[in-house]
Amino acid sequence: MPSRQKTGMFTSAFLTCVCSFVMICVVLATQRWMSSRIRLSGTESNVTVSLTYGLFSGTCEQLFEAGLQVTEENFQVAEQLSNTAAKSTNVAIIVILVLSLLSSLLSSGFTCTNAVSNPYQTFLGPIGVYTWNALCGILVLIAMILFPVNIEVNSLSVELARVCSPLSQTHTSSAHTYGYSYWIMLLIIFLNIGSIIIIYFYDHARYSKKKEQERPIENAPKDVILF
Numbered sequence: 000m001p002s003r004q005k006t007g008m009f010t011s012a013f014l015t016c017v018c019s020f021v022m023i024c025v026v027l028a029t030q031r032w033m034s035s036r037i038r039l040s041g042t043e044s045n046v047t048v049s050l051t052y053g054l055f056s057g058t059c060e061q062l063f064e065a066g067l068q069v070t071e072e073n074f075q076v077a078e079q080l081s082n083t084a085a086k087s088t089n090v091a092i093i094v095i096l097v098l099s100l101l102s103s104l105l106s107s108g109f110t111c112t113n114a115v116s117n118p119y120q121t122f123l124g125p126i127g128v129y130t131w132n133a134l135c136g137i138l139v140l141i142a143m144i145l146f147p148v149n150i151e152v153n154s155l156s157v158e159l160a161r162v163c164s165p166l167s168q169t170h171t172s173s174a175h176t177y178g179y180s181y182w183i184m185l186l187i188i189f190l191n192i193g194s195i196i197i198i199y200f201y202d203h204a205r206y207s208k209k210k211e212q213e214r215p216i217e218n219a220p221k222d223v224i225l226f
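Residue numbering for the sequence shown follows numbering that gives the first Met the number 0, starting at 0 and increasing by one per position.
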């Protein structure tokens, strides 16, 4: 059976891993990644398209200069995108987050196992927890980087706005605000760092205790050791 110290610290790490897993599910399930206001101008009229969307779906609303406001419409992101680069990047973000979800699940399993037992395999111990938490954090960080790239480089919001507007318009200006679904990923990274720090303190304390137990034998006289 594991010591009380090990059980307590690995249980704490397990809770942070579970929170990380839940937060990734929230990120994937909610569609509040981005809110954009895209201004489009044409020969007949100018229109401002307000978008709120996530990785899978969103809503758009049009406001013409004359004051006419079109009712809110729902759309599917994958179906609306004709830009291959924007579509591929969006799919890549989804795949990366699913992989981070699996990494978080494995990390939760490893910490739970160590909280209730002493695994014989080295990789099932702290090394495994370090590996899966680090991998989860890195994958989420990559997703955080790719999404703004998709907005700024591949003009994701502009692409969606043009699909929502039935008229042929030219993009003139845009304003973007990242929603809570996006910023939750920052919390996920901190949770993974927290899990690693907790296990590091346990590992360091165990190593120090082991060294202290070995020290009396190293400092003992030779005749006592032989005896």
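Where a beta carbon is used, it is the ideal one built from N, C-alpha and C, also for glycine. In this text, all values refer to a predicted model and were calculated from it rather than measured experimentally.
Proximity of residue i and residue j at Cβ, strictly below 8 Å
i, j, result
"Gln30", "Ser56", "yes"
"Trp32", "Phe189", "no"
"Phe20", "Ser103", "yes"
"Thr227", "Leu98", "Beyond the ends of the chain as shown, which are 0 and 226, falls residue 227; an answer cannot be given."
"Ile95", "Ala28", "no"
"Thr58", "Glu71", "yes"
"Ser164", "Val17", "no"
"Ala85", "Leu140", "no"
"Met22", "Ile187", "yes"
"Ile196", "Pro125", "no"
8 Å CB neighbourhood of residue i in its chain, flanking five on each side removed
i, result
"Val25", "Ser180, Ile183"
"Phe74", "Tyr52, Ser56, Gly57, Thr58, Cys59, Leu159, Val162, Cys163"
"Ser194", "Ala12, Thr15, Cys16, Ser19, Ser106, Thr110, Val128, Asn132"
"Ala77", "Phe55, Lys86, Asn89, Val90"
"Glu228", "It is not possible to answer for residue 228, since the shown part of the chain is limited to 0 through 226."
DSSP-derived helix/strand/coil call for residue i
i, result
"Arg3", "helix"
"Gln79", "helix"
"Ser116", "coil"
"Phe13", "helix"
"Arg36", "strand"
"Thr58", "strand"
"Glu158", "helix"
"Glu234", "What is shown of the chain runs 0 to 226, which leaves residue 234 out entirely."
"Asn73", "strand"
"Val94", "helix"
"Asn45", "strand"
"Phe226", "Because Phe226 carries a pLDDT of 44, less than 50, the predicted location of this residue cannot be relied on, and the following value inherits that uncertainty. Reduced to three states, the DSSP call for Phe226 is coil."
Outcome for residue i when other beta-carbon atoms lying within 10 angstroms are tallied against a minimum of 16
i, result
"Thr171", "exposed"
"Arg161", "buried"
"Val223", "For Val223, the predicted model reports a pLDDT of 45, less than 50, meaning its position is unreliable and no value from the coordinates is stated."
"Ile92", "buried"
"Gln79", "buried"
"Val148", "exposed"
"Ser2", "exposed"
Minimum C-alpha distance to residue i - residue among the options
i, options, result
"Asn191", "Asn132, Lys5, Leu27", "Asn132"
"Leu39", "Leu62, Ser194, Val148", "Leu62"
"Leu101", "Asn149, Cys135, Gly41", "Cys135"
"Ile37", "Leu185, Ala174, Gly178, Ser81", "Ala174"
"Leu138", "Ser2, Val152, Asn153, Leu185", "Leu185"
7 Å CB neighbourhood of residue i in its chain, flanking five on each side removed
i, result
"Phe109", "Leu123, Gly127, Val128, Trp131"
"Val157", "Ile37, His170, Ser173"
"Thr176", "Ser34"
"Ile150", "Met33, Ser156, His175"
Beta-carbon contacts of residue i that lie in its chain and below 6 Å, excluding the five residues immediately before and after
i, result
"Leu105", "Trp131"
"Thr249", "In the structure displayed, the chain extends from 0 to 226; residue 249 sits before or after that span and is not available."
Residue-level contact to chain C via CB, residue i, 8 Å cutoff
i, result
"Leu105", "No chain C appears in this structure, which consists of one protein chain only."
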